[in-house]
Structures are given as C-alpha cells and as structure tokens.
Amino acid sequence: MRLFIAAPDIFPGDAVGNHCLGIARAARRLGWDARAYAQRFAGDVQPIETMFDEVRPDDTLWVSYSIHDPLLERLLALPGRKLCYFHGVTSPELLREFEPVTADLCARSVEQFPQLARFERIMANSRFTARSLAGVVQLEQIGILPPVCPDMPVFSRPGNRAAAASQDDLRLLTVGRVVPHKRVEDAIDIVARACGEGVEAYLRIVGTTPNGTYAHFLLERARELGVGERVELAGVLDDDSLFAEFNTADALLTVSQHEGFCVPVLEAMHLGLPCFVRTGTAASEVAAGCAVEFTALDEAALALRAMAQDRAIKERLDAAGKRRAAELLEQTSDEALRKIFCAAQ
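Read the sequence shown against UniProt numbering and you will find it ends at 345, with the numbers running on by one and no gaps.
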C-alpha cells in the first residue's frame with residue numbers, strides 16, 4: 001500500500017510541513033510506503049513533479065490544502081483514491097494591509113473551494129475550519145483530525161513544568177508566525193493594560209518574522225505604549241529552546257483573528273501552561289472551555305491580573321488543559337489514522 005502526500009510547501013518547523021511529515025511517519029509505522037512531495041521543501045521530501053508519473057490506480061493521494069494550489073487540477077486528475085486535508089484559508093482582508101500578495105493568493109484559494117468536492121474524502125483540522133466549506137460539501141461528511149502527531153517533539157515532553165522562578169513577574173508568551181492576522185499588537189496592548197492594573201507583565205514573541213515592516217510596527221507599538229522594555233521578539237527557536245520558553249512562561253496569550261486550529265494552544269495545555277484565548281477562532285474549539293477566553297483586551301488584562309493574584313486559577317487551568325490535550329492527542333493516534341487510511345481504500 002502506497003501513500004503519496006502532496007502540498008505546495010513542506011518545511012520542518014512549519015505547521016503544515018510538520019503535519020505532512022508526521023502523517024508520513026505514522027503511515028510508515030502502520031506498514032504503508034509513504035512519501036511526501038512538494039513544490040518547495042526541505043528534509044525528507046521529493047520534488048512534486050516526480051510524483052505525477054508514479055501514482056497508480058491502487059495508490060492513495062493525501063493532498064494538504066491551505067492556500068491556492070496551482071497544481072490542484074493535475075492532482076485531481078491523477079489515478080487512485082484522493083483525500084484532501086483542509087487546513088483552512090485566512091480571510092484575505094486580514095492580510096491586505098501588510099501582505100497584499102498573500103491576500104491575493106488566499107482570495108484565489110476561495111475560488112478553488114468548489115474543486116475540493118471532487119475528492120473522495122475531506123478531512124479538516126477543526127469544525128471551525130470545516131464550516132468555511134459550507135455550500136461546497138456536506139459538513140457532516142467532513143472528518144475532523146487535529147493537525148498534529150503524538151511523536152512531535154513537544155508532545156514527547158512530560159507535562160510537568162518547572163516552578164516559577166519569580167512570584168512577582170507575569171511572563172506571557174505568544175507562539176506562531178508573526179504576521180498581521182495574528183494581531184500581535186493586541187498582545188502588546190494587553191501587556192500595557194495589565195501593567196496599568198499593577199501587574200509586572202512581560203511578553204516574549206516567538207516565531208518567524210517574514211514581514212519586516214510588521215515586525216518594526218510591533219516594536220514601535222510597544223514603545224508608544226510604554227512597554228518597549230517589556231516586549232521581546234525572540235524569533236525562531238529550536239525545539240529545546242521552545243520547550244524552555246513554555247517551561248518558564250506563566251501563560252500563553254493567543255490574540256489571532258484567524259486560527260484554523262492553533263497548535264501552540266494544544267502544546268501549552270499539554271505542558272500545563274495556562275492559556276488566554278481570543279474568542280471567534282478555532283483556538284476556542286481546541287481549548288474547549290479549558291482556557292480563559294476573552295473578546296475585549298481589557299477582559300484579558302483583568303483575567304491575567306486575577307490569575308497573578310490567585311494561584312488556584314493557574315492550577316485549575318493547568319489540570320483542565322492537560323486533560324483536554326490528552327483527548328485531542330488520542331484523536332491523532334496511529335490507530336485513529338489507521339481507520340482513516342483504511343476508509344480511503
């Protein structure tokens with residue numbers, strides 16, 4: 001049995017790339033001959049053009065879809081069974097100001113949605129994401145599979161964080177690509193508001209900064225709000241350094257206006273780090289009541305102050321988050337994937 005995994009880009013460290021490579025590892029453990037292909041890639045991946053002459057009628061194709069794919073029509077024309085894993089597409093309007101080229105690609109992606117109905121099966125990373133395909137396919141026919149694998153480095157770590165080094169400071173963490181729709185400036189604003197409430201809050205921003213203009217805007221924003229010395233862009237970190245950030249933070253802060261899943265929330269809950277999540281995205285679905293949710297920035301600042309003053313709140317979030325993380329990781333087990341692969345045959 002052969003599984004061909006295809007995506008425009010597959011890079012270790014990127015959420016889509018990590019998932020593609022994780023699916024390949026799981027499939028191999030289950031006895032499949034699994035290979036990953038992409039147009040742009042690094043690691044154990046092959047050029048996608050070499051795949052088109054290899055796929056046979058008894059093979060299975062797994063297409064990872066997250067943005068306009070110029071090869072979609074050719075992929076659909078291949079023989080064999082075809083499964084689409086839909087990561088969701090960011091609303092173009094959230095990207096237009098700082099990333100107009102990406103915004104245009106996202107708009108073109110929405111135009112491709114009707115073609116996704118031609119796949120034998122569609123999986124999505126969350127119910128939130130699946131709803132964006134309403135009118136294209138029947139939502140009850142879309143399977144849900146979290147975009148992670150239990151053998152990813154963070155999930156191999158025990159969920160026992162070190163005790164806080166200081167009881168005075170509140171160390172906040174954001175993790176993910178530092179791009180406009182993540183609204184990192186709102187996290188900076190929350191830090192300023194929390195400080196105004198008497199909390200000694202600090203923020204570490206971990207993730208790639210592909211847009212220099214936006215990164216500069218964030219640092220200027222921090223200075224304007226008087227918290228320039230409390231906000232740091234940490235950039236991309238290796239697995240050990242990322243774990244250290246989770247281990248020493250007091251809370252994860254997620255302020256994005258669009259999340260198809262939000263892997264950092266799952267990682268944080270697994271490790272026992274309390275999460276504060278803006279409502280209206282799939283991050284709320286991931287947390288499922290096990291995080292502090294907020295709509296207004298003042299709400300977040302006040303909730304952070306409450307946790308800083310009451311250790312019992314942190315302990316409740318820790319325990320609830322670990323239980324929720326275990327539930328989600330069970331959904332991605334090899335046995336769960338075996339059922340998906342077998343259903344695709």
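Using N, Cα and C, we set each Cβ at its ideal position, and we do this for glycine too.
query: What do you reckon, are the CB atoms on L95 and H216 nearer than 7 Å?
result: If you number the sequence shown from 1, residue 95 lands on position 95. If you number the sequence shown from 1, residue 216 lands on position 216. No, the pair does not count as a contact, with Cβ atoms beyond the cut-off.
- request: Evaluate C20 with the Cβ neighbour count: other Cβ atoms within 10 Å of its Cβ, from every protein chain shown; 16 or more gives buried, anything less gives exposed.
  value: Along the sequence shown, one-based indexing puts residue 20 at 20. Classification of C20: buried, given that the 10 Å Cβ count is 16 or more.
- prompt: Buried or exposed: where does D44 fall if 16 or more other Cβ atoms within 10 Å of its Cβ makes it buried?
  reply: By 1-based counting over the sequence shown, the position of residue 44 is 44. Classification for D44: exposed.
task: Measure the C-alpha to C-alpha separation of V292 and N247 and round it to an integer number of angstroms.
output: Walking along the sequence shown from the start, residue 292 turns up at place 292. Walking along the sequence shown from the start, residue 247 turns up at place 247. Using only the alpha carbons, I get a separation of about 19 Å.
query: Between T332 and G13, what straight-line distance do the alpha-carbon atoms span, to the nearest angstrom?
result: Along the sequence shown, read from residue 1 onward, the residue named residue 332 stands at position 332. Along the sequence shown, read from residue 1 onward, the residue named residue 13 stands at position 13. Near 19 Å, if we compare the C-alpha coordinates of G13 and T332.
message: When you compare the CB positions of T254 and V263, do they come within less than 7 Å of one another, or not?
response: Residue numbering aside, residue 254 sits at position 254 when the sequence shown is read from its first letter. Residue numbering aside, residue 263 sits at position 263 when the sequence shown is read from its first letter. No.
Range of the contiguous beta strand (DSSP E) that encloses E232: As a first step, residue 232 must be located in the sequence shown, where it is residue number 232. Note, E232: beta strand (DSSP E), 231-235.
Bridge partners - M51, DSSP secondary structure assignment: The residue given as residue 51 occupies position 51 in the sequence shown. According to DSSP, which records beta bridges pairwise, M51 is partnered with nothing at all.
Buried versus exposed, by CB contacts within 10 Å (16 or more), T213: The sequence position of residue 213 within the sequence shown is 213, counting from 1. Exposed, because fewer than 16 other Cβ atoms sit within 10 Å of the Cβ of T213.
task: Report, in whole angstroms, the separation of the C-beta atoms of A222 and I190, which I expect to be a contact under 8 Å.
output: Taking the sequence shown and counting its residues from 1, the one referred to as residue 222 is at position 222. Taking the sequence shown and counting its residues from 1, the one referred to as residue 190 is at position 190. At roughly 12 Å, the Cβ-Cβ gap does not stay under 8 Å, so A222 and I190 are not in contact.
query: Which residues in the same chain have their Cβ closer than 8 Å to the Cβ of M152, if we skip the five residues on either side of it in sequence?
result: Here the question's residue 152 lines up with position 152 in the sequence shown. Correct list, in chain order: N18, G22.
- request: Go ahead and pull the three-state DSSP assignment for S333.
  value: The sequence position of residue 333 within the sequence shown is 333, counting from 1. Of the three classes helix, strand and coil, the one that applies to S333 here is coil, per DSSP.
Test item: CB-CB of F294 and A288 under 7 Å: Taking the sequence shown and counting its residues from 1, the one referred to as residue 294 is at position 294. Taking the sequence shown and counting its residues from 1, the one referred to as residue 288 is at position 288. No, the Cβ-Cβ distance between F294 and A288 is not below 7 Å.
message: Taking the straight line between their C-alpha atoms, what separation do you get for V136 and E185?
response: The residue labelled residue 136 in the question sits at position 136 within the sequence shown. The residue labelled residue 185 in the question sits at position 185 within the sequence shown. The straight-line gap from Cα to Cα measures roughly 35 Å.
- prompt: What does a CB cutoff of less than 6 Å around A308 pick up in its chain, not counting 5 residues either side in sequence?
  reply: Counted from its first residue, the sequence shown places residue 308 at position 308. These residues qualify, in order along the chain: L170, V199.
Endpoints, the beta strand (DSSP E) within which P8 is located: Counting from 1 along the sequence shown, the entry for residue 8 is found at position 8. 2-10 is the span of the beta strand (DSSP E), which, as asked, contains P8.
Own chain, CB closer than 6 Å to I10, minus 5 neighbours either side, in chain order: Taking the first residue of the sequence shown as 1, we reach residue 10 at position 10. So the qualifying residues of the chain are G17, C20, A36, A38, F41, V45.
- prompt: What's the C-alpha gap between L317 and R81?
  reply: As a position in the sequence shown, residue 317 is number 317, starting the count at 1. As a position in the sequence shown, residue 81 is number 81, starting the count at 1. Near 43 Å, if we compare the C-alpha coordinates of R81 and L317.
- prompt: For A344 versus L61, is the C-beta distance shorter than 7 Å?
  reply: Residue mapping note: residue 344 aligns to position 344 of the sequence shown, counting from 1. Residue mapping note: residue 61 aligns to position 61 of the sequence shown, counting from 1. No, Cβ-Cβ distance for A344 and L61 is not below 7 Å.
task: Enumerate in chain order the residues of its own chain whose CB-to-CB distance from V245 is below 8 Å, with the five nearest sequence positions on each side excluded.
output: Indexing the sequence shown from 1 puts residue 245 at position 245. For the sequence presented, residue 245 should be read as Glu rather than Val. The answer, listed in chain order, is L173, V175, R204, V206, A234, L237.
Uninterrupted alpha helix (DSSP H) stretches inside the UniProt domain "Glycosyl transferase family 1" (166-322) (no shorter than 4 residues): 184-196, 212-224, 239-248, 263-271, 282-287, 297-309
message: Run through the DSSP bridge pairs and tell me what A38 is partnered with.
response: Within the sequence shown, the letter at position 38 stands for residue 38. Bridge partners of A38: A7, P47.
- request: Give the range of the beta strand (DSSP E) segment to which I122 is assigned.
  value: Numbered from 1 along the sequence shown, position 122 holds the residue referred to as residue 122. Segment 121-124, the beta strand (DSSP E) holding I122.
query: Per the contact definition of three or more C-beta pairs closer than 8 Å, is the segment 100-114 in contact with the segment 62-69?
result: yes
field: Spatial distance of N125 from F113 (CA atoms)
entry: Within the sequence shown, residue 125 is the residue found at index 125, counting from 1. Within the sequence shown, residue 113 is the residue found at index 113, counting from 1. Between N125 and F113, the C-alpha separation is close to 16 Å.
query: From E73 to A306, what does the alpha carbon distance come to, in whole angstroms?
result: Against the sequence shown, residue 73 aligns to sequence position 73. Against the sequence shown, residue 306 aligns to sequence position 306. About 53 Å.
query: Assuming L78 contacts A34 under a Cβ cut-off of 8 Å, what Cβ separation, rounded to an integer in Å, is found between them?
result: In the sequence shown, counting from the first residue as 1, residue 78 sits at position 78. In the sequence shown, counting from the first residue as 1, residue 34 sits at position 34. 16 Å between Cβ atoms; not a contact.
query: the ligand GTP heavy atoms versus the CB of A194: any closer than 6 Å?
result: In the structure on display, the ligand GTP does not appear, and there are no ligands present to speak of.
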